[in-house]
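Undergrad: First residue of the sequence shown: 31, per the working numbering; consecutive thereafter.
Just passing along the structure, written as C-alpha cells.
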Amino acid sequence: MPTLRVLRSVPELRGALHEQRSAGQRIGFVPTMGALHAGHASLVERARALSDCVVVSIFVNPLQFGPKEDLAQYPRTPDADIALLETSGCRFLFMPAVEEIYPQGFFTTVHMPGMTEVLCGRSRPGHFDGVLTVVLKLLNMVQPDVACFGRKDFQQALLIRRMVRDLNLPVQIEVCPTLREADGLAMSSRNRYLSAPERAVAIGLRAALLQMDRAFRAGQRDAATLTEFGRTRIAAEPRFRLDYLEVRDAQDLSQRCGSVQTGDVVAVAAFLGSARLIDNALLGMETAP
Ligand code: PAF
Numbered sequence: 031m032p033t034l035r036v037l038r039s040v041p042e043l044r045g046a047l048h049e050q051r052s053a054g055q056r057i058g059f060v061p062t063m064g065a066l067h068a069g070h071a072s073l074v075e076r077a078r079a080l081s082d083c084v085v086v087s088i089f090v091n092p093l094q095f096g097p098k099e100d101l102a103q104y105p106r107t108p109d110a111d112i113a114l115l116e117t118s119g120c121r122f123l124f125m126p127a128v129e130e131i132y133p134q135g136f137f138t139t140v141h142m143p144g145m146t147e148v149l150c151g152r153s154r155p156g157h158f159d160g161v162l163t164v165v166l167k168l169l170n171m172v173q174p175d176v177a178c179f180g181r182k183d184f185q186q187a188l189l190i191r192r193m194v195r196d197l198n199l200p201v202q203i204e205v206c207p208t209l210r211e212a213d214g215l216a217m218s219s220r221n222r223y224l225s226a227p228e229r230a231v232a233i234g235l236r237a238a239l240l241q242m243d244r245a246f247r248a249g250q251r252d253a254a255t256l257t258e259f260g261r262t263r264i265a266a267e268p269r270f271r272l273d274y275l276e277v278r279d280a281q282d283l284s285q286r287c288g289s290v291q292t293g294d295v296v297a298v299a300a301f302l303g304s305a306r307l308i309d310n311a312l313l314g315m316e317t318a319p
C-alpha cells in the first residue's frame, strides 16, 4: 500500500500532484465530506482501478447546507477516516480548512437552473448550487483525470455530469453503484443519526423502491399507481415523514406523468428521527436487497 500523505493547502496539493503528473501518473479523485464508510472505500477502489494515484478530499462544505440543516452536527471522524484511507490505497488526502476553500471575499458560485430545483433541490433550496460550486473548485484544485461519485446521490451525480459537460471540464465522471448494508439500507454518513428502533425500520425506504420495481416488472406502467404503491409502503411505518417519492426520466429528471419506462429513476427522500435519508432505484434494473 502507498503511504497516505495529508495535505491541507492548495499549493501543497498542487505541488504534490505536479510530481505525480510529471511522472506520467493518471490522477483519480474521490470528493467526500468525511465520516467515511465502506461506500466511500468502494469509490476509492474504483478510482484506483481507473488511475495510478488516488486523491480523496474531506471537506464539510458549508455552502451546501441550509440555515436549518445539520452543518454543525454533521459527523466529523478524521482519525477513523485516515485509518480507513490508509488501508484503501489512497495516496493523498486533501483536508482543507473552510478558509482555504472560501477565503474572505469569495463571491463566485455555480448556478444551474431547472434540474437543481426538483427532488432534493426543492426541499433544500440552494443545496445544489453549493454542491456544484465546491465540486467545480475541487476539480480545479486537483485536476484529476477521473472523479468518482456514488449513485445513491443520483441527482447530484447527474448534475455534476451536466456541469462537466456544459463547462467543458477535462475530467471523466464515474458514477459507482450504491453500497448497501446486509438488509439493503443504502450506506450513508447520516445513518449514524438513526437510533436502534429507527435503524430497524429504515429499510422501509428500500422496500418501497423494490416493491415499485416488482410491480413494474409485473407489467404496471402507470406512474401514479406505482408511486402510490411506494407511498403506501412508506406510510406503513409512521416514523417516516416522506419528503418526496417520484418517478422521473433518468437523463433529464423530467417528471413521468403517464407511462413509465425501463431505466426511469424512482427517487425517494424521507425523514426518520433527525436523519434525512435518500435512495433511488432504476425501474426494471434493480437487484435485491
Ligand atoms: O456527496 C458528497 O459527499 C458531497 O455532496 C460532495 C460531492 C463531496 C460535495 O461536497
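C-beta: ideal position from N, C-alpha, C; glycine also.
Looking only at C-alpha atoms, which of Leu275, Ile203, Arg35, Gly249 sits nearest to Arg236?
TA: Checked all of Leu275, Ile203, Arg35, Gly249; the closest Cα to Arg236 is Leu275.
Undergrad: Please specify which runs of the alpha helix (DSSP H), each continuous and at least 4 residues long, are wholly inside the segment 180-207, giving them in chain order.
TA: The qualifying runs are 184-196.
Undergrad: Which residues in the same chain have their Cβ closer than 7 angstroms to the Cβ of Arg210, if we skip the five residues on either side of it in sequence?
TA: Result list for Arg210: Ala216, Met217, Pro319, in chain order.
Undergrad: Is the beta carbon of Leu313 closer than 9 angstroms to that of Asp349?
TA: What is shown of the chain runs 31 to 319, which leaves residue 349 out entirely.
Undergrad: State buried or exposed for Arg134, treating a residue as buried only when at least 16 other CB atoms are found within 10 Å of its CB.
TA: Note that residue 134 is Gln in the sequence shown here, rather than Arg. Under this definition Gln134 is an exposed residue.
Undergrad: Straight-line CA distance for Glu267 to Ala297?
TA: Cα-Cα distance, rounded: 18 angstroms.
Undergrad: When you get a sec, list the residues whose CB is within less than 6 angstroms of any heavy atom of the ligand PAF, chain order please.
TA: Those satisfying the condition are, in chain order, Pro61, Thr62, Met63, Asn91, Gln94, Val161, Val164, Val165, Asp183, Gln186.
Undergrad: Within 10 angstroms of the Cβ of Phe124, are there 16 or more other Cβ atoms? Answer buried if so, exposed if not.
TA: So Phe124 counts as buried.
Undergrad: Do the CB positions of Asp273 and Asp294 come within less than 9 angstroms of each other?
TA: Result no, Cβ atoms of Asp273 and Asp294 do not sit closer than 9 angstroms.
Undergrad: Below 9 angstroms between beta carbons: does that hold for Leu283 and Leu149?
TA: Result yes, Cβ atoms of Leu283 and Leu149 sit closer than 9 angstroms.
Undergrad: Indicate whether the contact test is met: 3 or more Cβ pairs, each with one atom in the segment 109-120 and one in the segment 78-87, closer than 8 angstroms.
TA: The segment 109-120 is in contact with the segment 78-87.
Undergrad: Please state whether the Cβ-Cβ distance between Leu93 and Thr139 is less than 9 angstroms.
TA: Yes, Cβ-Cβ distance for Leu93 and Thr139 is below 9 angstroms.
Undergrad: Would Leu114 and Arg220 qualify as a contact pair, given that the criterion is a beta-carbon distance under 9 angstroms?
TA: No, the Cβ-Cβ distance between Leu114 and Arg220 is not below 9 angstroms.
Undergrad: Below 7 angstroms CB to CB, which residues in the same chain sit around Ser194 once its five sequence neighbours on both sides are set aside?
TA: The question names Ser, but residue 194 in the sequence shown is Val. Counting only Cβ-Cβ distances below 7 angstroms, and skipping sequence neighbours, we find Val201, Ile203.
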